[in-house]
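To start, the structure itself, in structure tokens.
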Amino acid sequence: MKTDIEISQSVNLTPIKEIAEKIGLKENDLELYGNYKAKIDFPTIQKAAEKEDGHLILVTSINPTPAGEGKSTITIGLGDALNKIGKKTVIALREPSLGPVMGIKGGATGGGYAQVLPMEDINLHFTGDMHAITTANNALSALLDNHIQQGNELAIDPRRIIWKRVVDLNDRALRQVVVGLGGPLQGMPRQDGFDITVASEIMAILCLATNIEDLKTRLSNIVVAYTFEKTPITVGDLQVEGALALILKDAIKPNLVQTIYGTPAFVHGGPFANIAHGCNSVLATKTALKLGDYVVTEAGFGADLGAEKFLDIKVPNLKKSPDVIVIVATIRALKMHGGVKKEQLNEENIEALTHGFSNLKKHIENMQSYGIPVVVAINEFISDTKQEITQLEALCKKQGVIVESASVWEHGADGGTALAKTVASVIENETTNYHSIYPVGASLEEKIETIVTKIYGGAGVSFSQKAINQMKTFEDYGWDRLPVCMAKTQYSLSDDPKALGAPSNFTVTIRELVPKIGAGFIVALTGDVMTMPGLPKQPAALNMDVLEDGTAVGLF
561 MKTDIEISQS VNLTPIKEIA EKIGLKENDL ELYGNYKAKI DFPTIQKAAE KEDGHLILVT
621 SINPTPAGEG KSTITIGLGD ALNKIGKKTV IALREPSLGP VMGIKGGATG GGYAQVLPME
681 DINLHFTGDM HAITTANNAL SALLDNHIQQ GNELAIDPRR IIWKRVVDLN DRALRQVVVG
741 LGGPLQGMPR QDGFDITVAS EIMAILCLAT NIEDLKTRLS NIVVAYTFEK TPITVGDLQV
801 EGALALILKD AIKPNLVQTI YGTPAFVHGG PFANIAHGCN SVLATKTALK LGDYVVTEAG
861 FGADLGAEKF LDIKVPNLKK SPDVIVIVAT IRALKMHGGV KKEQLNEENI EALTHGFSNL
921 KKHIENMQSY GIPVVVAINE FISDTKQEIT QLEALCKKQG VIVESASVWE HGADGGTALA
981 KTVASVIENE TTNYHSIYPV GASLEEKIET IVTKIYGGAG VSFSQKAINQ MKTFEDYGWD
1041 RLPVCMAKTQ YSLSDDPKAL GAPSNFTVTI RELVPKIGAG FIVALTGDVM TMPGLPKQPA
1101 ALNMDVLEDG TAVGLF
């Protein structure tokens, strides 16, 4: 059987100019990056803004397991299938981070015969967006340290700098570092650290900004440090928002590529959902909505993280809520949530499937609580038995939710037509009544407790003394009314990655709060979740190589 990269390399790509024509764009609307990649320029985005929005389909999933769920694969396959049944459809995805590509998680371009292409370009440097965000972030670090070195006019306390440097790699050795060593000419010695690029607030800002002016405003609002009097210092105080926006002037433009079946796909922005808000850019999604009748997008990791943040953070900025939510599940993953070990997943186990369904059941209830219709997509595997499929369908129907199987990994668009028809029917026949999970005026404590008790199913929240002090400070600054972005393990509904299924009677511990005022939310750090991942014992990079002619090998 061919690998994903072998399948992608066997496809004769259509020139991106022809892909753009499918959604009414001409060559002068594009900024070409070779024959198969392009960015959309701002005049084109502004012109498209006059059109009505299409229908929005949000794809999410159960909590991920090593068994695999295939959320991106279903997203891409569903988009292809909708086009196949005559619906003018555009896909909107996140960009992969090089960290997990070289590490363990893999890329973000789908798999099998449901992929966005050129796969190796997208998974590596693509159009340089990640590098621009990294550069802007680290330019701010350099400018901040230089301000202190050159007299510290703003009276910044070097002990209270909260802005970190970033790199788009998994590098645990950089989590804690000391900078400025070597004497007076080398700067002020202080403790620092690195996050992965996708955890940078600049990544979140790029994905929430609606235009260049909004980008500059958000950049100026970034809090980077506090003075000796504990007053917040922003990028605006440093007067460098213009320089940072200049570095990002091309990165903010959405990228256009294609699927194996020639469906137009916007791939833009890539914040992780376990440490950031987990959604592709507002600009890409909004542009897709203006150019397509149907838009299929996804939110990172499970519905407890990505979908919650899509609905509570992105939707107010997008000003458009989903018309339907598709929750992806596999029988293999549900059996793992039911207690089966990975090496035994190919064996039929109705009891474990039934027990593991508790995880899917909780996500169904959560998504329905937002007032949006839900469809469950069973991502088929060859090991699924007829009895297991029948049982999962029965469990879903008992919950009053529509369920449909899809085999897009193996059969591409043909394997998703039943799902596409079902999703289109729900959009055409059911209404939405979207509302956020918490009221606008709720305090930080109330918002966090609501997410933990209603979305995670926990009993309550425990705040460290540091978090308690921060909540009081943030209230004084007026930051307590901002949305909350939970940084939590993706593997469980709780903050314990080993607690599979649908745990109950647990308490989530908030160890620290991080203000992301430019992005417009407060990050709540739970458990031991890290904003700089590490590499596994056998990183994926060990399998990668490039041939003499430049052909990539071993990239999934």
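Quick note, the numbering used here runs 560 ahead of the 1-based positions in the sequence shown.
We put the beta carbon where it would ideally sit given N, CA and C, even for glycine.
Taking the alpha carbon of residue 998 as the reference point, which residue from 1045, 962 and 839 has its own alpha carbon closest? Along the sequence shown, read from residue 1 onward, the residue named residue 998 stands at position 438. The residue with the shortest Cα to Cα distance from residue 998 is 1045.
Mind checking which residues open and close the alpha helix (DSSP H) that includes residue 1037? Within the sequence shown, the letter at position 477 stands for residue 1037. It spans 1025–1037 - the alpha helix (DSSP H) in which residue 1037 sits, taken as one unbroken run.
Which residues in the same chain have their Cβ closer than 6 Å to the Cβ of residue 747, if we skip the five residues on either side of it in sequence? As a position in the sequence shown, residue 747 is number 187, starting the count at 1. Only 705, 709 and 740 meet the Cβ criterion.
Do you know whose CA, among 811, 836 and 577, lies nearest residue 870's CA? Residue mapping note: residue 870 aligns to position 310 of the sequence shown, counting from 1. Residue 836 is the option with its Cα nearest to residue 870.
Hey, which unbroken runs of the beta strand (DSSP E) at 3 residues or more fall wholly within the segment 624–700? 649–653 and 674–677
Report, in whole angstroms, the separation of the C-beta atoms of residue 1062 and residue 1008, which I expect to be a contact under 8 Å. On the sequence shown, residue 1062 is found 502 positions in, with the first residue counted as 1. On the sequence shown, residue 1008 is found 448 positions in, with the first residue counted as 1. Contact doesn't hold; Cβ gap of about 20 Å is too wide.
Over the uninterrupted beta strand (DSSP E) stretch that includes residue 615, give me the two end residues. Taking the sequence shown and counting its residues from 1, the one referred to as residue 615 is at position 55. Looking at the DSSP string, the run of the beta strand (DSSP E) that includes residue 615 is 615–621.
Quick test of your reading: residue 1057 and residue 992, contact by CB under 8 Å. State the CB separation rounded to the nearest angstrom. Residue numbering aside, residue 1057 sits at position 497 when the sequence shown is read from its first letter. Residue numbering aside, residue 992 sits at position 432 when the sequence shown is read from its first letter. Incorrect: roughly 33 Å between the Cβ atoms, too far for contact.
Out of 921, 667, 952 and 822, which one is the CA nearest neighbour of residue 580? As a position in the sequence shown, residue 580 is number 20, starting the count at 1. The shortest C-alpha separation from residue 580 is found at 822.
Using the C-alpha atoms, what's the distance from residue 1018 back to residue 1065? Locating residue 1065 in the sequence shown gives position 505, where the first residue counts as 1. Locating residue 1018 in the sequence shown gives position 458, where the first residue counts as 1. If you take the alpha carbons of residue 1065 and residue 1018, they lie about 6 Å apart.
Using the beta-carbon count (16 or more within 10 Å), is residue 762 buried or exposed? Here residue 762 refers to the residue found at position 202 when the sequence shown is read from its first residue. Buried: at least 16 other Cβ atoms inside 10 Å.
Looking at C-alpha atoms only, which residue of 909, 1070, 586 and 1081 is the closest neighbour of residue 816? Stepping through the sequence shown from its first residue, residue 816 is reached at position 256. Cα-wise, what sits closest to residue 816 is 586.
In this structure, how does DSSP classify residue 569 when only helix, strand and coil are distinguished? What you label residue 569 is simply residue 9 of the sequence shown in a count that begins at 1. Shown here, residue 569 sits in a helix according to DSSP, grouped into three states.
Assigned secondary structure, residue 991 (DSSP; H/G/I helix, E/B strand, else coil): One-based indexing of the sequence shown puts residue 991 at position 431. It is coil, neither helix nor strand.
So, does the segment 679–698 touch the segment 712–722, judging by three or more C-beta pairs under 8 Å? no
Tell me whether the beta-carbon of residue 727 lies closer than 8 Å to the beta-carbon of residue 694. Counted from its first residue, the sequence shown places residue 727 at position 167. Counted from its first residue, the sequence shown places residue 694 at position 134. It is a contact, given that the beta carbons lie within the stated cut-off.
I need the DSSP call for residue 599, collapsed to helix, strand or coil. The residue given as residue 599 occupies position 39 in the sequence shown. Strand, per DSSP.
First and last residue of the uninterrupted alpha helix (DSSP H) at residue 843: Numbered from 1 along the sequence shown, position 283 holds the residue referred to as residue 843. Annotation for residue 843: the continuous alpha helix (DSSP H) segment containing it runs 842–851.
Range of the contiguous beta strand (DSSP E) that encloses residue 937: Reading the sequence shown from its first residue, position 377 is the one you call residue 937. Unbroken beta strand (DSSP E) run through residue 937: 934–939.
Per DSSP, what are the beta-bridge partners of residue 958 in this structure? Translated into positions along the sequence shown, residue 958 becomes position 398. Note: residue 958 is not bridge-paired with any residue in the DSSP secondary-structure output.
What three-state label does DSSP hand residue 818 in the structure shown? Residue numbering aside, residue 818 sits at position 258 when the sequence shown is read from its first letter. Three-state result, residue 818: strand.
Residue 612 (DSSP reduced to helix, strand or coil): Numbered from its first residue, the sequence shown carries residue 612 at position 52. Here residue 612 sits in coil by DSSP.
Per DSSP, what kind of secondary structure is residue 1008 in: helix, strand or coil? Position 448 of the sequence shown, counting from 1, holds the residue named residue 1008. It is helical.
Counting pairs of beta carbons, one from the segment 866–886 and one from the segment 609–628, are three or more of them closer than 8 Å? yes
Say whether the segment 1018–1034 touches the segment 887–896, bearing in mind that this needs 3 or more beta-carbon pairs closer than 8 Å, one atom from each stretch. no
Can you give the Cα-Cα distance for residue 570 and residue 801, rounded to whole angstroms? On the sequence shown, residue 570 is found 10 positions in, with the first residue counted as 1. On the sequence shown, residue 801 is found 241 positions in, with the first residue counted as 1. Taking the straight line joining both Cα atoms gives about 44 Å.
Does DSSP classify residue 1076 as helix, strand or coil? The count along the sequence shown starts at 1 and reaches residue 1076 at position 516. If DSSP states are grouped into helix, strand and coil, residue 1076 belongs with the strands.
Neighbourhood of residue 995 by C-beta distance below 8 Å, restricted to the same chain and skipping five residues each side: To locate residue 995, count along the sequence shown from 1; it is residue 435. Contacts found: 930 and 931.
Residue from 1014, 897 and 1078 with nearest C-alpha to residue 769: As a working mapping, residue 769 is identified with position 209 in the sequence shown. Taking only the C-alpha atoms, the option nearest residue 769 is 1078.
State buried or exposed for residue 1050, treating a residue as buried only when at least 16 other CB atoms are found within 10 Å of its CB. The residue labelled residue 1050 in the question sits at position 490 within the sequence shown. Residue 1050 should be labelled buried.
What's the C-alpha gap between residue 874 and residue 765? Translated into the one-based positions of the sequence shown, residue 874 becomes position 314. Translated into the one-based positions of the sequence shown, residue 765 becomes position 205. Straight-line Cα distance between these residues: approximately 11 Å.
According to DSSP, what are the bridge partners of residue 1047? What you label residue 1047 is simply residue 487 of the sequence shown in a count that begins at 1. Beta-bridge pairing links residue 1047 to 1085.
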